[in-house]
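Chains as they are written, first to last, in this note's numbering: chain A, 1 to 298; chain B, 1001 to 1341.
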C-alpha cells in the first residue's frame, strides 16, 4: 500500500467507526425496549424525528442548552409513547405489539405532516461543526470524531448503569424473564418506563448527531437510521445489548466498505447488497450473532 | 357470503355508477386482493411479513412490462429486445406475473421461513428494501422513480371482482386444506405441531409462495387500474395500510381480512371527504390536509387497544367445520372397547 492508499483507508476506517457508532446507538435504543417488552419499536425513528424538530427551534441557543432541550424533549416523547400507546396493549401478543408500534410511527409521522408540513426545513447548524481537521495527513470531520467519542462514552455509561445500579440490574433481570423478574419483586412499570426513558435518551442523542450532518429535517427523517437500527438489533440477537452494538458497527463498516469498493455501476445498488448480506447472515445464524443457543426449550 | 356482499356492492356500483364511487370500489377491491393474499401467509402461519409489497411490485412491474404497447415501451423504457416487442392481453400477462412472483417467493422464502417470528419479519423487510432499491435503479425495466406509465387501464369493477373471487377461493381452499390446517396447528404451538409430525417449514413455505402469488395478482390489477405507478407505491406506507386492514379485521380469519378492508376503506374515504371540505348548516369546515392519515392512525390505535385480536378475532362468517371423529379412531374400535383393562 502506498501512503495515499493508507490515508484513504484510515479515512474510511474513521468514517466507518463513526457511522457504525451512530447505528449502534439506534440499535441499542431498539434493543433496550425489546429486552423488557419483547417487540421491535417501529416508532423509534419518529423519536429521532421529534428530536430533529425540537433542534430546529432551539438550535440558535447556546450549544449545551440546545442539546439538553432536544434530548430532554425526546425522553419525554418516549415516556408519553409508552404510557399512551403501549401500556394498554402490553399483554397482547408480540405481533400485535409490533403492529401497534407501526401504527404509532404512522400516527406521529402524520401529525408532523399535519403540523409542520412535508417540506424539509433547514436546521442552521452552527458553522464549524462540519469542518475537517487533519490528523497526521488524514482528514476527518469534527462531527465524525464527536460521533465516535459520544458513542463510546454513552456505551461505557450505559454499561456501568446496567451493571451497578439497582434499576439496571432489574432491567437485565426483566430482559431474561419478565414474568419471573416480577415474581421476585422487580417493579414492572418502573423497569419499562426506564427502558423507554433510556431509549428516548439514546434517540435524542442520535437526532442531534444525525441532524447535525443532514442539516435538514422532514417528517420522515428518522426512517433511514431507524431501519438500520432494527436490522442491527436483529442481527445482534434481539435481547443482547452487546449484540446490538456489534450489529450497528457491522452495518456501519459494511456501508462504508461497499461505498469505497463497489464498482461505479453497482454503487446505486449499495443498499440491496447491505440488506442481502443481512438476509444471508440471518440464514447462517437465525438467532443472531449473540442470540445464544439456537434451540428453544419447550 | 362475503363474496355475495362484495358482488352486491359491485352490482350496485354498476347501477348507480359515479366515477368517484367506482374508483373507490375498485381500489377497495384491489386492496382486498392484497389483504387476502397477505392473510394466506400471516393468518395461517402466525408469522408477520413486512415484505409482501415486494411481491406486489413484482406483479405490477411484470404485468406492465408485458402489456405496455411496444412503441411506448421503446420510448419510455428500454427493456431488452424481446421484452420490448412483446404485448400480451391482461389475462395472459397476469398469470405470468403471478408465476414470476411465486418463483421469487420460493427462492427467497426457502431460507427465510426457517427463522423465528422477528427475524422473519425483519428479513422480509430487508427483502422489501432490496426490491425497492432494484426498482428505483433498474430504470430501463421499471422506469425508476420517474414511474412506469402507459399500462392499459382496463380494470372494470366486474374484472376486479373476478380477481377478488380468485383470491378468496385460493385463500379458502388453502385454509381448509390439510396444509392449511397443519400450518394453523403450528401457529398455535410450533413445537407441539412439529412433535406430531408437521413439517412446519415446508407448510410455511407453501403458504408463503401461494400468498406471494395472490398479492402479485393484486399488483397486476393495481397496474391495470392506475396505469402509472412508481416504486413509492410499493413501500412502507402501503405496507402499513395493507397490514393495518388485516390486523384491524382480525388476522386469523378470512372474514377478518374482508371486514378489516371494508372498515379501513370506510374510515379513510370518510376522512378524505371530510378533508375535502364539509358543509354543516351553512358552516363550511375544512380540516387541513393530512387529517385523513392522522385520523386513520388514531382509528388503528384505538382499534388495537380495544380489540387486540381484531374485529372478527379469528371468527369466520360461517361456523368452522369440525371433522367428526374418524371411524377407525381407537375409541370407536370394538376391539379397543373389548380389550382387557
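Each residue gets a CB set at the ideal place from its N, CA and C atoms; glycine is no exception.
Closest residue to residue i among the options (Cα-Cα distance)
i: residue 126 of chain A; options: A:109, A:8, A:277 and A:55; result: A:55
i: residue 1154 of chain B; options: B:1064, B:1315, B:1084 and B:1106; result: B:1064
i: residue 1088 of chain B; options: B:1066, B:1075 and B:1077; result: B:1066
i: residue 113 of chain A; options: B:1295, B:1107, B:1022 and B:1192; result: B:1295
i: residue 1298 of chain B; options: A:50, A:19, A:24 and A:105; result: A:105
i: residue 199 of chain A; options: A:223, A:241 and A:180; result: A:241
i: residue 1036 of chain B; options: B:1072, B:1308, B:1148 and B:1174; result: B:1174
i: residue 129 of chain A; options: A:271, A:145 and A:237; result: A:145
i: residue 29 of chain A; options: A:279, A:151 and A:165; result: A:151
i: residue 1073 of chain B; options: B:1259, B:1139 and B:1319; result: B:1139
i: residue 1030 of chain B; options: B:1118, B:1254 and B:1226; result: B:1226
i: residue 149 of chain A; options: A:49, A:9, A:7 and A:14; result: A:14
i: residue 184 of chain A; options: A:190, A:195, A:192 and A:170; result: A:170
i: residue 1042 of chain B; options: B:1254, B:1223 and B:1165; result: B:1254
i: residue 118 of chain A; options: A:220, A:25, A:164 and A:245; result: A:220
i: residue 1071 of chain B; options: B:1057, B:1150 and B:1302; result: B:1150
i: residue 153 of chain A; options: A:12, A:22 and A:5; result: A:22
i: residue 65 of chain A; options: A:208, A:132, A:156 and A:246; result: A:208
Which of helix, strand or coil DSSP assigns to residue i
i: residue 1229 of chain B; result: strand
i: residue 1142 of chain B; result: helix
i: residue 1261 of chain B; result: helix
i: residue 86 of chain A; result: helix
i: residue 289 of chain A; result: coil
i: residue 135 of chain A; result: strand
i: residue 122 of chain A; result: strand
i: residue 186 of chain A; result: coil
i: residue 1048 of chain B; result: coil
i: residue 18 of chain A; result: helix
i: residue 282 of chain A; result: helix
i: residue 6 of chain A; result: helix
i: residue 1156 of chain B; result: coil
i: residue 63 of chain A; result: helix
i: residue 303 of chain A; result: Residue 303 of chain A lies beyond the residue range present for chain A, which begins at 1 and ends at 298; the question has no answer from this structure.
i: residue 1337 of chain B; result: Bear in mind that a pLDDT of 46 at residue 1337 of chain B, under 50, signals an unreliable position, so the model cannot answer this.
i: residue 1268 of chain B; result: helix
i: residue 1037 of chain B; result: helix
Contact list for residue i against chain A, beta-carbon separation under 7 Å
i: residue 1126 of chain B; result: 231, 275, 278 and 279
i: residue 1048 of chain B; result: 95 and 98
i: residue 1308 of chain B; result: 89, 92 and 96
i: residue 1123 of chain B; result: 279 and 282
i: residue 1111 of chain B; result: 283
i: residue 1240 of chain B; result: 102 and 106
Residues bridged to residue i [DSSP beta-bridge criterion]
i: residue 100 of chain A; result: Answer is none; residue 100 of chain A lacks a bridge partner.
i: residue 216 of chain A; result: A:122
i: residue 1148 of chain B; result: B:1229
i: residue 140 of chain A; result: A:133
Chain A contact residues for residue i, given Cβ-Cβ distances below 9 Å
i: residue 1145 of chain B; result: Residues of chain A passing the Cβ test: none, with the nearest at roughly 11 Å.
i: residue 1244 of chain B; result: 99, 102, 103 and 106
i: residue 1134 of chain B; result: 269 and 272
CA-to-CA distance, residue j to residue i, given in whole angstroms
i: residue 1167 of chain B; j: residue 1038 of chain B; result: 10 Å
i: residue 1300 of chain B; j: residue 1266 of chain B; result: 13 Å
i: residue 288 of chain A; j: residue 1256 of chain B; result: 34 Å
i: residue 3 of chain A; j: residue 256 of chain A; result: 20 Å
i: residue 1336 of chain B; j: residue 1208 of chain B; result: Unreliable placement is indicated for residue 1336 of chain B, whose pLDDT of 45 sits below 50; no coordinate value is reported for it.
i: residue 1081 of chain B; j: residue 1141 of chain B; result: 11 Å
i: residue 1338 of chain B; j: residue 1252 of chain B; result: Because the pLDDT of residue 1338 of chain B is 47, which lies under 50, any placement of that residue in the model is unreliable, and the question is left without a value.
i: residue 120 of chain A; j: residue 1092 of chain B; result: 44 Å
i: residue 124 of chain A; j: residue 215 of chain A; result: 7 Å
i: residue 1259 of chain B; j: residue 1159 of chain B; result: 21 Å
i: residue 167 of chain A; j: residue 95 of chain A; result: 28 Å
i: residue 46 of chain A; j: residue 164 of chain A; result: 31 Å
i: residue 233 of chain A; j: residue 1318 of chain B; result: 42 Å
i: residue 205 of chain A; j: residue 223 of chain A; result: 16 Å
i: residue 33 of chain A; j: residue 1233 of chain B; result: 31 Å
Proximal chain B residues relative to residue i, where beta-carbon distance stays under 7 Å
i: residue 85 of chain A; result: 1301
i: residue 110 of chain A; result: 1290, 1293, 1294 and 1297
i: residue 238 of chain A; result: 1118
i: residue 234 of chain A; result: 1118, 1119 and 1122
Interface partners of residue i on chain A, CB under 8 Å
i: residue 1114 of chain B; result: 283 and 286
i: residue 1137 of chain B; result: 268 and 269
i: residue 1129 of chain B; result: 227, 271, 272 and 275
i: residue 1117 of chain B; result: 94 and 95
9 Å Cβ cut-off: residues of chain B touching residue i
i: residue 113 of chain A; result: 1289, 1290, 1293 and 1294
i: residue 33 of chain A; result: Within chain B, no residue comes near residue 33 of chain A; the closest Cβ sits about 13 Å away, beyond 9 Å.
Residues that residue i contacts on chain B, provided the C-beta gap is smaller than 8 Å
i: residue 14 of chain A; result: Correct list: empty, because the minimum Cβ distance to chain B is about 26 Å.
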